[in-house]
Amino acid sequence: MQNYKIHSLNCAYLDQAYQIDQQLNGNHSWSRQMFLGELNNALAYYWVLTEEETVIGFIGLHDLDPEGYITNFGIKAEYQGQKLGQYLLSFVIHKCLHWNLKALSLEVNENNLRAINLYKKFGFKEEGFRKDYYRNSETGKLENALVMWLNPVIKTESLMPICT
Ligand SMILES: CC(C)(COP(=O)(O)OP(=O)(O)OC[C@H]1O[C@@H](n2cnc3c(N)ncnc32)[C@H](O)[C@@H]1OP(=O)(O)O)[C@@H](O)C(=O)NCCC(=O)NCCS
């Protein structure tokens, strides 16, 4: 992972993070205004994964002490499948351990097996369900979300060492 760096999201990276979200989530991606709002949210922490100043992924965490909540997370399509998602999620779990956040939750589309597998690797468990939470950007149909929890936040074999 030595070619990759993790930085706090700031205005310099905002447009690239926004464009990755658009690439990944189409009509249902966040607006630029939503990203900007999160930069000004005292509870929100966002980081980007970069390769030579090019953003290739991002992740957001709300610090709802004593819990954390992952708001948005993605790796640029052409970089997926190279453990970079696992690396960014490891970074956030290290942050939770460091900040003494006891549990971590998120919502994920029940059809998003890639992400569900990734979360399960870290010990997240399905603990809730939100009916019709997402709209499929291609079919327009409503899809359900799983609510997944890592409770307590623990180190697993999947947790990668971070060198930023
Ligand atoms: C989900 C996402 C962040 C994963 O990032 P990634 O860099 O592609 O994943 P990694 O290479 O780190 O894979 C880590 C684990 O995820 C799971 N995974 C990744 N790609 C997968 C695939 N194509 N099929 C099934 N599981 C997969 C596996 O458990 C994998 O571990 P393994 O390689 O030991 O089998 C990425 O695919 C993405 O950005 N998807 C679109 C946006 C999204 O779904 N965000 C999450 C919203 S909740």
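Numbering (my numbering), first residue to last: 2 to 165. No residue lacks a Cβ here, since even glycine has one placed at the ideal position from N, Cα and C.
*ligand 1 heavy atoms versus the CB of Ala-116: any closer than 7 Å?*
The residue given as residue 116 occupies position 115 in the sequence shown. Checking the Cβ of Ala-116 against ligand 1 gives yes.
*Minimum length 4: unbroken alpha helix (DSSP H) runs contained in the stretch 12 to 44*: 12 to 26, 33 to 40
*In the stretch 60 to 110, which residue ranges form an unbroken alpha helix (DSSP H) of at least 4 residues, counting only runs that do not cross its ends?*
If only uninterrupted alpha helix (DSSP H) runs of at least 4 residues are considered, those enclosed by the stretch 60 to 110 are 85 to 99.
*Cβ-based neighbour list, Lys-27, same chain, cut-off 6 Å, excluding 5 preceding and 5 following*: Taking the sequence shown and counting its residues from 1, one reaches residue 27 at position 26. Sequence check: residue 27 is Gly here, not Lys. Here the set comprises Ser-138.
*If you draw a straight line from the C-alpha of Leu-50 to the C-alpha of Leu-119, how long is it?*
For the purposes of this step, residue 50 is taken as residue 49 along the sequence shown, with counting starting at 1. For the purposes of this step, residue 119 is taken as residue 118 along the sequence shown, with counting starting at 1. Between Leu-50 and Leu-119, the C-alpha separation is close to 17 Å.
*Could you tell me the boundaries of the alpha helix (DSSP H) in which Asn-118 lies?*
If you number the sequence shown from 1, residue 118 lands on position 117. Element bounds for Asn-118: 114 to 122.
*Report yes if the C-beta of Gln-23 is less than 7 Å from at least one heavy atom of ligand 1; otherwise report no.*
Counting from 1 along the sequence shown, the entry for residue 23 is found at position 22. Result no, Cβ not under 7 Å from ligand 1.
*Can you tell me the Cβ-Cβ gap for Thr-72 and Gly-86, rounded? I've got them flagged as a contact below 8 Å.*
By one-based count along the sequence shown, residue 72 stands at place 71. By one-based count along the sequence shown, residue 86 stands at place 85. With a Cβ gap of about 15 Å, Thr-72 and Gly-86 do not count as contacting.
*Mind checking whether the beta-carbon of Lys-84 lies closer than 7 Å to any heavy atom of ligand 2?*
As for ligand 2, it is missing from this structure, which binds only ligand 1.
_Is Lys-6 near ligand 1 - that is, is its Cβ less than 7 Å away from at least one heavy atom of it?_
Walking along the sequence shown from the start, residue 6 turns up at place 5. Lys-6 Cβ: outside cutoff for every heavy atom of ligand 1.
*Please report the residue range of the beta strand (DSSP E) in which Lys-126 lies.*
For this step, residue 126 is matched to residue 125 along the sequence shown. Segment 126 to 136, the beta strand (DSSP E) holding Lys-126.
*Same chain only: Cβ atoms within 8 Å of Pro-67, ignoring 5 sequence neighbours per side*: Translated into positions along the sequence shown, residue 67 becomes position 66. Excluding positions up to five away in sequence, the list reads Asn-101, Leu-102, Lys-103, Ala-104.
_For a test of your reading of the model: does the CB of Leu-50 fall under 7 Å from any non-hydrogen atom of ligand 1? Yes or no._
Counting from one through the sequence shown, the residue named residue 50 turns up at place 49. Not under cutoff, so the answer is no.
_Can you determine whether any heavy atom of ligand 1 sits closer than 7 Å to the C-beta of Asn-145, and answer yes or no?_
The residue given as residue 145 occupies position 144 in the sequence shown. Asn-145: no, Cβ never under 7 Å from ligand 1.
_Taking 8 Å as the limit between beta carbons, can you name the residues of its chain near Asp-22, skipping five residues before and five after?_
For the purposes of this step, residue 22 is taken as residue 21 along the sequence shown, with counting starting at 1. Scanning its chain for C-beta atoms nearer than 8 Å, with the 5 sequence neighbours on each side dropped, one finds around Asp-22 the residues Ser-30, Trp-31, Phe-36, Phe-59, Asn-73, Gly-75, in chain order.
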